[in-house]
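Undergrad: Numbered per this note's numbering, the sequence shown spans residues 744 to 947. Glycine included, C-beta positions come from ideal geometry on N, C-alpha and C. All values reported here derive from a predicted model rather than from experimental measurement.
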Amino acid sequence: MYSGFQNEVLLLREVYPGDCLVSSSPDLSTVTISINHGRGFTVHSNINVTFTLHIECSSQYPLESPRLSISHVHGLNSRDIMGLEMSLDDLIKERRGEHILFEVVDFCREFIANNIPTVDCAICLQGFKTEDEVYRTLQFHYFHKLCVGKYMLQQELDHTKVIYELHAKDPFCKLPVLFITCPVCRVEVLPYSDALVNCARGIE
C-alpha cells in the first residue's frame, strides 16, 4: 500500500495545500480534504458549495477499495448528496484495485464545479439559476441577491420609521443604529449593501 498511497497523498498536498489532512495507524489511513471549486489549480474567493470528503484506506489498499464519506455539506440538497454518494460508489467499484484517491477528489470537484447551490433561496424558496444571483452569508445561508436586497430595503425603511417616531418624541434621545440580521438565524449581522438595495429599488 504505502509507496503508492504516499505518492497519492503527496500529490494531493501539493495541489490542495493546507486542505489535505492525513491520519494514520498501522491498519488504517484516513485522508480528509475540503472540497469546493476554488481548491487546487483554480482559486476562487466566492465559495457557495463545499463539503468535506473522508477517504479511509486500509493497509490492503488498493486491493481493498477505500471507504468514502462526506460531511459538513453546504449548498447541496439531499437529493444531490445522495446522487454524489451513489456516483462515488460506482467509481470505487469500477476502479477496484487501482490507486484512485486523486481521481475521487477530482470527481468531487467536478460535481460542484458550477458553484451554484442546489438548495433554495431562504426568502422566496426558489432555486438559483446562475452563480451571479447567489448571496451567501458567512454561515452558509443562501438568498437571491434581489431577495436579500429587498429585505435590506425593508429593514432600512422600518429603521427610518423608528428613528422618525423616536425623534418626534424626544429630539435629543440616542437613536439606534441600523443592524440588519440574517433572516434565517437572526444572529449574523449582514453588511449593508447600496448595490443590493438600489437593485431592489429598481435603480441600475
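Using DSSP with H/G/I as helix, E/B as strand and the rest coil, what is Cys851?
TA: Here residue 851 refers to the residue found at position 108 of the sequence shown. Here Cys851 sits in helix by DSSP.
Undergrad: Just to confirm before moving on: does the CB-CB distance between Tyr894 and Pro914 stay below 7 Å?
TA: Here residue 894 corresponds to residue number 151 of the sequence shown, with the count starting at 1. Here residue 914 corresponds to residue number 171 of the sequence shown, with the count starting at 1. Cβ atoms of Tyr894 and Pro914: not closer than 7 Å.
Undergrad: Is the number of C-beta pairs between the segment 802-819 and the segment 895-909 that are closer than 8 Å three or more?
TA: These segments do not touch.
Undergrad: Work out the CA separation of Gly826 and Asp833 for me, nearest whole Å.
TA: Your numbering for residue 833 matches position 90 in the sequence shown. Your numbering for residue 826 matches position 83 in the sequence shown. The alpha-carbon atoms of Asp833 and Gly826 are separated by roughly 11 Å.
Undergrad: Bridge partners of Phe794, per DSSP?
TA: Position 51 of the sequence shown holds residue 794. DSSP, once it has assigned bridges, lists Ile778 as partnering Phe794.
Undergrad: Mind checking whether Asp770 and Ser802 have CB atoms under 7 Å apart?
TA: Start at 1 with the first residue of the sequence shown, and residue 770 comes out as number 27. Start at 1 with the first residue of the sequence shown, and residue 802 comes out as number 59. Their beta carbons are under 7 Å apart, which means Asp770 touches Ser802 by this criterion.
Undergrad: Can we say the segment 846-859 touches the segment 884-892, given the rule of at least three CB pairs closer than 8 Å?
TA: The segment 846-859 is not in contact with the segment 884-892.
Undergrad: With distance defined between alpha-carbon atoms, name the residue in Thr873, Leu889, Glu874 nearest to Cys867.
TA: Position 124 of the sequence shown holds residue 867. Minimum Cα distance to Cys867 is reached at Leu889.
Undergrad: Quick check: what's the CA-CA separation for Asn779 versus Phe845?
TA: The residue labelled residue 779 in the question sits at position 36 within the sequence shown. The residue labelled residue 845 in the question sits at position 102 within the sequence shown. When rounded, the distance between both Cα atoms is 14 Å.
Undergrad: If you check the beta carbons only, do His902 and Leu921 fall under 7 Å apart?
TA: Counting from 1 along the sequence shown, the entry for residue 902 is found at position 159. Counting from 1 along the sequence shown, the entry for residue 921 is found at position 178. Yes, the pair counts as a contact, with Cβ atoms nearer than the cut-off.
Undergrad: In angstroms with no decimal places, state the Cα-to-Cα distance between Tyr759 and Leu881.
TA: Indexing the sequence shown from 1 puts residue 759 at position 16. Indexing the sequence shown from 1 puts residue 881 at position 138. When rounded, the distance between both Cα atoms is 22 Å.
Undergrad: Buried or exposed, going by whether 16 or more other CB atoms sit within 10 Å of the CB of Tyr935?
TA: Start at 1 with the first residue of the sequence shown, and residue 935 comes out as number 192. Burial call: exposed.
Undergrad: Return the chain-ordered list of same chain residues with a C-beta closer than 6 Å to the C-beta of Glu874, the five sequence neighbours on each side being excluded.
TA: For the purposes of this step, residue 874 is taken as the residue at position 131 of the sequence shown. Here the set comprises Asn858, Ile859.
Undergrad: Expressed to the nearest angstrom, what Euclidean distance is found between the alpha-carbon atoms of Val930 and His842?
TA: In the sequence shown, counting from the first residue as 1, residue 930 sits at position 187. In the sequence shown, counting from the first residue as 1, residue 842 sits at position 99. Taking the straight line joining both Cα atoms gives about 45 Å.
Undergrad: Over what stretch of residues does the beta strand (DSSP E) that includes Leu764 continue unbroken?
TA: Numbered from 1 along the sequence shown, position 21 holds the residue referred to as residue 764. 763-767 is the extent of the beta strand (DSSP E) around Leu764.
Undergrad: Please classify Gly840: is it buried, with 16 or more other beta-carbons within 10 angstroms of its beta-carbon, or exposed?
TA: Taking the sequence shown and counting its residues from 1, one reaches residue 840 at position 97. So Gly840 counts as exposed.
Undergrad: Tell me, which residues are paired with Glu974 by DSSP?
TA: In this structure the chain extends from 744 to 947, so residue 974 is not present and cannot be described.
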